[in-house]
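Asker: Starting off with a structure, shown below.
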Amino acid sequence: MDTNIKFNTKNLDLFYGDFQALKSINMEIREKEVTAFIGPSGCGKSTFLRCLNRMNDLIDCVKIKGEILFDGKDINGPIDVINLRTRVGMVFQKPNPFPMSIYENIAYGPKCQGMKDKNQLDALVKESLTKAALWDEVKDRLNKSALGLSGGQQQRLCIARTIAMNPEVILMDEPTSALDPIATAKIEDLMSSLKKDYTIIIVTHSMQQAGRISDKTAFFLMGEVIEFNETPIIFTNPHDKRTEDYITGRFG
Amino acid sequence: MGRTAKDSLVKGIIYLATGITLSVLLSIVGFIFVKGIGLVNWDFLTRDYNEKVVYAFVESGEVPLSIDEESLKSKQPYDQRYETLQEGPIYVENIGAAIASVSYKNHSTEREQIVISYIEKDSPLNGAIDSTGKAITIGTDYILQSINGTDFGDMTLEEVAETITAESGELKIKVVQPGGGIKSNIITTLYMVLLSLIVALPLGIFGAIYLTEYAKPGRLVNAIRFAAECLAGIPSIIFGLFGMAFFVVAMNFQISLISGSLTVAIILLPVIIRSTEEALKTVPMAFREGSLALGATKLQTIFKVVLPCAVPGIATAVLLSIGRVVGESAALLLTAGTVAQIPGTLFSPGSTLTVQAYYVAKEEGNIELACAIGIVIIVIVIVLNILSRITSDKLDVFNKK
Numbered sequence: 001m002d003t004n005i006k007f008n009t010k011n012l013d014l015f016y017g018d019f020q021a022l023k024s025i026n027m028e029i030r031e032k033e034v035t036a037f038i039g040p041s042g043c044g045k046s047t048f049l050r051c052l053n054r055m056n057d058l059i060d061c062v063k064i065k066g067e068i069l070f071d072g073k074d075i076n077g078p079i080d081v082i083n084l085r086t087r088v089g090m091v092f093q094k095p096n097p098f099p100m101s102i103y104e105n106i107a108y109g110p111k112c113q114g115m116k117d118k119n120q121l122d123a124l125v126k127e128s129l130t131k132a133a134l135w136d137e138v139k140d141r142l143n144k145s146a147l148g149l150s151g152g153q154q155q156r157l158c159i160a161r162t163i164a165m166n167p168e169v170i171l172m173d174e175p176t177s178a179l180d181p182i183a184t185a186k187i188e189d190l191m192s193s194l195k196k197d198y199t200i201i202i203v204t205h206s207m208q209q210a211g212r213i214s215d216k217t218a219f220f221l222m223g224e225v226i227e228f229n230e231t232p233i234i235f236t237n238p239h240d241k242r243t244e245d246y247i248t249g250r251f252g
Numbered sequence: 001m002g003r004t005a006k007d008s009l010v011k012g013i014i015y016l017a018t019g020i021t022l023s024v025l026l027s028i029v030g031f032i033f034v035k036g037i038g039l040v041n042w043d044f045l046t047r048d049y050n051e052k053v054v055y056a057f058v059e060s061g062e063v064p065l066s067i068d069e070e071s072l073k074s075k076q077p078y079d080q081r082y083e084t085l086q087e088g089p090i091y092v093e094n095i096g097a098a099i100a101s102v103s104y105k106n107h108s109t110e111r112e113q114i115v116i117s118y119i120e121k122d123s124p125l126n127g128a129i130d131s132t133g134k135a136i137t138i139g140t141d142y143i144l145q146s147i148n149g150t151d152f153g154d155m156t157l158e159e160v161a162e163t164i165t166a167e168s169g170e171l172k173i174k175v176v177q178p179g180g181g182i183k184s185n186i187i188t189t190l191y192m193v194l195l196s197l198i199v200a201l202p203l204g205i206f207g208a209i210y211l212t213e214y215a216k217p218g219r220l221v222n223a224i225r226f227a228a229e230c231l232a233g234i235p236s237i238i239f240g241l242f243g244m245a246f247f248v249v250a251m252n253f254q255i256s257l258i259s260g261s262l263t264v265a266i267i268l269l270p271v272i273i274r275s276t277e278e279a280l281k282t283v284p285m286a287f288r289e290g291s292l293a294l295g296a297t298k299l300q301t302i303f304k305v306v307l308p309c310a311v312p313g314i315a316t317a318v319l320l321s322i323g324r325v326v327g328e329s330a331a332l333l334l335t336a337g338t339v340a341q342i343p344g345t346l347f348s349p350g351s352t353l354t355v356q357a358y359y360v361a362k363e364e365g366n367i368e369l370a371c372a373i374g375i376v377i378i379v380i381v382i383v384l385n386i387l388s389r390i391t392s393d394k395l396d397v398f399n400k401k
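Chains as they are written, first to last, in UniProt numbering: chain A, 1 to 252; chain B, 1 to 401.
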């Protein structure tokens, strides 16, 4: 088995009640690469992303068939879902910092895992914020509410909060769709620098963004993966007609 | 009829309705205040409702009068609506106080009594102790009934003054603390609020957490919600009857503080559940997802993220509940009783302010006193409302930037 494969899904089907949202997804996602999911709204890319850390558990009436292997282990089997989520972090579409101080936001995850030592927490907060390129902007107001930050800063805080858990994979669900271009550029820079330490999977509506930051791109349509390949190939020489139509803007 | 005419007619009706509502409100509050305000003073708030007879032990002394006769005469501390000065005052040096004879008359009683009208600053009365050696207060307006076994029964004021002057050394004085106050009712009300909240708050909050965070939407949840809504609409006398049958009789708690507070706790439950539920529902799903995605457990998510966001709503629920307890009368009448005393234990009876207002109005026909209690209740409710705004603003995590 290829040890570089982080996620490996086999014939993954997902139903919302009677509606089949994902149809037989087979995908291998490699370690320390940026994988981008593109596709029109409602094509199942976010649903698939949320399968990878079992966030779909929160929604009733979701039924999953097939396997999702994470480091070779089926995550829908008898595993510790809390442990899974500490290893597979997630950043959401809308920045969702908790209504606490900046410091508390970062320390929240580690504290929930039982980290109590103040010095250790301080160091972790500083390290996470530095990695998320936010330290210089907030170091003087760590005890102020995170809600006072701008949208872009809030999203970087959410990334820092995820980094603080030291995950292996970071899932990002349209992390820049609520942000202005400057904030978006900062987050994209951040993703490129995080790539060397983490496996990043990002859902995006912006094809330019996928082209700029990802190593591999998957094109979703109506719950199926139409094409999954190296990003340059997808954008310059797609094998499937539908992919070409989508990236050239003929629909979607 | 033209359109403008119709418009102004409807407008007139709207203004009239608003005017009637406002004037009714104002006249009720005004009536209560006008009737009752004369009785509200410090003594009213700090005295017991019932008169209390105590034997005071006092070391007699020699304290000269430090003010002139005129100002002594002007000191009339008693309630002048029930008490009229008959004779005196006469200053008695060995107890360092002036006594006067007044006639007391209210709806049911009429009698003559000797009262203390003035006490010197270094009067021996200020060092009075009871038979167990505990310090007690003797204040103006207290009634004197005997000294060292000599009863003042049929004596004139002068004879009483002579009798007191003739005594020396340790004096054993029988004094009556005047009643008419509502201290015990205020304290009972506080106890009631505290006890019922201690029972109802955790139950209600955990119930609401179950309904919003754990229960799968379906028949059971709908049934619970429906039941809670119905409970909120049932008149409190029904809860009173239940409390009387269950807590007072079946559990054998008797008519007591505990029966009353448990009954009120049941009345509060639906209020607390509903408002906590509403508060929890307004917490964005994104916070729950964010927390779970960081590897927090469901309980950690609820207690560290969701509940703190809901605190302003819960604080409002608490204050609403306090208002409800303060205002509750029917259920407490049946379960906590009408005895105006400070409950010594959980199992002794006591009457809250509202029950006391009912009691004095209905059983004694004393509307003024009932109105005076009404003023205290109104003030408490207003203060609670102001407090609820301040606390929910203060505790609102979204307000801090």
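Cβ coordinates follow ideal geometry from the N, Cα and C atoms, glycine included.
When you compare each of Thr354/B, Gly295/B, Ser23/B, Asp393/B to Leu333/B by their alpha carbons, which one comes out closest?
Answerer: Position 333 of the second sequence, counting from 1, holds the residue named residue 333/B. When each option's Cα is compared against that of Leu333/B, the closest is Thr354/B.
Asker: What would DSSP say about Asp48/B, mapped onto helix, strand or coil?
Answerer: The count along the second sequence starts at 1 and reaches residue 48/B at position 48. Note: Asp48/B maps to coil in three-state DSSP.
Asker: For Val24/B, count neighbouring Cβ atoms within 10 angstroms of its own Cβ and tell me buried if that reaches 16, exposed if not.
Answerer: Taking the second sequence and counting its residues from 1, one reaches residue 24/B at position 24. Classification of Val24/B: exposed, given that the 10 Å Cβ count is below 16.
Asker: So the candidates are Gly89/A, His205/A, Ile200/A, Asp240/A; which of them puts its Cα closest to the Cα of Arg33/A?
Answerer: For this step, residue 33/A is matched to residue 33 along the first sequence. According to the sequence shown, residue 33/A is Glu rather than Arg. The candidate whose alpha carbon is nearest that of Glu33/A is Ile200/A.
Asker: What is the DSSP secondary structure of Ala296/B, counted as helix, strand or coil?
Answerer: Here residue 296/B refers to the residue found at position 296 when the second sequence is read from its first residue. It is coil, neither helix nor strand.
Asker: Tell me Ala135/B's beta-bridge partners as DSSP assigns them.
Answerer: Translated into positions along the second sequence, residue 135/B becomes position 135. The partner list for Ala135/B (beta bridge, DSSP) reads Ile129/B.
Asker: Please look up how many angstroms separate the CB atoms of Ile106/A and Arg161/A, rounded, as I've assumed it's under 8 Å.
Answerer: Numbered from 1 along the first sequence, position 106 holds the residue referred to as residue 106/A. Numbered from 1 along the first sequence, position 161 holds the residue referred to as residue 161/A. Yes, Ile106/A and Arg161/A are in contact; Cβ-Cβ is about 5 Å, under 8 Å.
Asker: Is the Cβ-Cβ distance between Gly151/A and Ala183/A less than 9 Å?
Answerer: As a first step, residue 151/A must be located in the first sequence, where it is residue number 151. As a first step, residue 183/A must be located in the first sequence, where it is residue number 183. Yes.
Asker: Could you check where the beta strand (DSSP E) with Tyr214/B kicks off and where it finishes?
Answerer: Position 214 of the second sequence, counting from 1, holds the residue named residue 214/B. Element bounds for Tyr214/B: n/a, residue is neither H nor E.
Asker: If I follow the unbroken alpha helix (DSSP H) through Glu162/B, where does it start and stop?
Answerer: Reading the second sequence from its first residue, position 162 is the one you call residue 162/B. Unbroken alpha helix (DSSP H) run through Glu162/B: 157-166.
Asker: Phe398/B touches chain A at which residues, Cβ-Cβ below 9 Å?
Answerer: Start at 1 with the first residue of the second sequence, and residue 398/B comes out as number 398. Under the 9 Å cutoff, chain A gives Pro99, Ser145, Leu147.
Asker: Can you round the beta-carbon distance between Ile90/B and Ala161/B to whole angstroms, since I take them to be within the 8 Å contact cut?
Answerer: Residue 90/B sits at position 90 when you count from the first residue of the second sequence. Residue 161/B sits at position 161 when you count from the first residue of the second sequence. Their Cβ separation, rounded to whole angstroms, is 5 Å, which keeps Ile90/B and Ala161/B in contact under 8 Å.
Asker: Would Met1/A be called buried (16 or more neighbouring beta carbons within 10 Å of its own) or exposed?
Answerer: Walking along the first sequence from the start, residue 1/A turns up at place 1. For Met1/A, the predicted structure reports a pLDDT of 48, less than 50, and the residue's modelled location is therefore unreliable. The matter cannot be settled from this model.
Asker: Can you tell me whether Gly12/B is helix, strand or coil according to DSSP?
Answerer: Position 12 of the second sequence, counted from the start, is the residue given in the question as residue 12/B. It is helical.
Asker: What does Cys112/A reach in chain B if we use C-beta pairs closer than 9 Å?
Answerer: Counting from one through the first sequence, the residue named residue 112/A turns up at place 112. Per Cβ cutoff of 9 Å: Ser291, Leu294, Gly295, Ala296, Thr297, Gln300, Thr301, Lys304.
Asker: By the criterion of Cβ-Cβ separation under 9 Å, what are the contact partners of Gly89/A in chain B?
Answerer: Residue mapping note: residue 89/A aligns to position 89 of the first sequence, counting from 1. Ala293, Leu294, Gly295, listed in chain order.
Asker: So for Lys10/A, helix, strand or coil by DSSP?
Answerer: As a working note, residue 10/A is residue 10 in the first sequence. If DSSP states are grouped into helix, strand and coil, Lys10/A belongs with the strands.
Asker: When burial is assigned at 16 or more other CB atoms within 10 Å of the CB, is Thr231/A buried or exposed?
Answerer: Counting from 1 along the first sequence, the entry for residue 231/A is found at position 231. Buried is the call here.
Asker: Would you kindly report the start and end of the unbroken beta strand (DSSP E) that includes Arg250/A?
Answerer: Numbered from 1 along the first sequence, position 250 holds the residue referred to as residue 250/A. Per DSSP, Arg250/A belongs to no beta strand (DSSP E) and is neither H nor E.
Asker: Do you know how far the Cα of Thr297/B is from the Cα of Gly12/B?
Answerer: Walking along the second sequence from the start, residue 12/B turns up at place 12. Walking along the second sequence from the start, residue 297/B turns up at place 297. Between Gly12/B and Thr297/B, the C-alpha separation is close to 60 Å.
Asker: Give me the Cα-Cα distance between Lys73/B and Asp393/B, rounded to the nearest whole angstrom.
Answerer: Here the question's residue 73/B lines up with position 73 in the second sequence. Here the question's residue 393/B lines up with position 393 in the second sequence. The alpha-carbon atoms of Lys73/B and Asp393/B are separated by roughly 53 Å.
Asker: So what does DSSP say about Ala132/A, is it helix, strand or coil?
Answerer: Counted from its first residue, the first sequence places residue 132/A at position 132. Correct three-state label for Ala132/A: coil.
Asker: Relative to the alpha-carbon of Asp13/A, which residue among Gly42/A, Glu67/A, Val169/A has its alpha-carbon at the smallest distance?
Answerer: Translated into positions along the first sequence, residue 13/A becomes position 13. That would be Glu67/A, whose Cα lies nearest to the Cα of Asp13/A.
Asker: Cα-Cα, which of Leu49/A, Leu121/A, Val91/A, Val88/A is closest to Glu104/A?
Answerer: Translated into positions along the first sequence, residue 104/A becomes position 104. Measuring from the Cα of Glu104/A, the nearest candidate turns out to be Leu121/A.
Asker: Between the alpha carbons of Leu9/B and Thr18/B, how many angstroms are there, rounded?
Answerer: Position 9 of the second sequence, counted from the first residue, corresponds to residue 9/B. Position 18 of the second sequence, counted from the first residue, corresponds to residue 18/B. Rounded to the nearest angstrom, the two C-alpha atoms are 14 Å apart.
Asker: Just to make sure I have the definition right: I need the residues of chain A whose C-beta is within less than 8 Å of the C-beta of Ala286/B. Which are they?
Answerer: Stepping through the second sequence from its first residue, residue 286/B is reached at position 286. The contacting residues are Phe92, Lys94, Asn96.
Asker: At the level of alpha carbons, what is the spacing between Ile118/B and Thr150/B?
Answerer: As a first step, residue 118/B is located in the second sequence; it is residue number 118 there, counting from the start. As a first step, residue 150/B is located in the second sequence; it is residue number 150 there, counting from the start. As written in the sequence, residue 118/B is Tyr, which differs from the Ile given in the question. Between Tyr118/B and Thr150/B, the C-alpha separation is close to 22 Å.
Asker: According to DSSP, which residues form a beta bridge with Gln113/B?
Answerer: Position 113 of the second sequence holds residue 113/B. Its beta-bridge partners are Val102/B.
Asker: Suppose you measure from the CA of Ala178/A to the CA of His205/A; what does that come to, to the nearest Å?
Answerer: Looking up residue 178/A in the first sequence gives position 178. Looking up residue 205/A in the first sequence gives position 205. Answer to the nearest angstrom: the Cα atoms are 11 Å apart.
Asker: Lys216/B versus chain A: which residues are under 7 Å apart at the beta carbon?
Answerer: As a working note, residue 216/B is residue 216 in the second sequence. Neighbours of Lys216/B on chain A, chain order: Asp60.
Asker: For residue 274/A, which option in Lys45/A, Cys51/A, Asp180/A has the closest C-alpha, if you only look at C-alpha atoms?
Answerer: Any answer about residue 274/A is impossible in this case: the structure gives chain A only from 1 up to 252.
Asker: How about Ala330/B and Ser256/B: are their beta carbons less than 9 Å apart?
Answerer: In the second sequence, the residue the question calls residue 330/B occupies position 330. In the second sequence, the residue the question calls residue 256/B occupies position 256. Not closer than 9 Å, so no.
Asker: I want to verify the contact list: residues of chain A whose CB lies under 9 Å from the CB of Cys230/B, in sequence order.
Answerer: Within the second sequence, numbered from 1, the residue matching residue 230/B stands at position 230. Chain A residues near Cys230/B: none, gap ~27 Å exceeds 9 Å.
Asker: Name the DSSP bridge partner or partners of Lys63/A?
Answerer: Here residue 63/A corresponds to residue number 63 of the first sequence, with the count starting at 1. Answer is Phe15/A.
Asker: Examine chain A for any beta-carbon lying closer than 9 Å to the beta-carbon of Pro308/B, and answer yes or no.
Answerer: Here residue 308/B is taken as the residue at index 308 of the second sequence, counted from 1. Yes, its Cβ sits closer than 9 Å to a Cβ of chain A.
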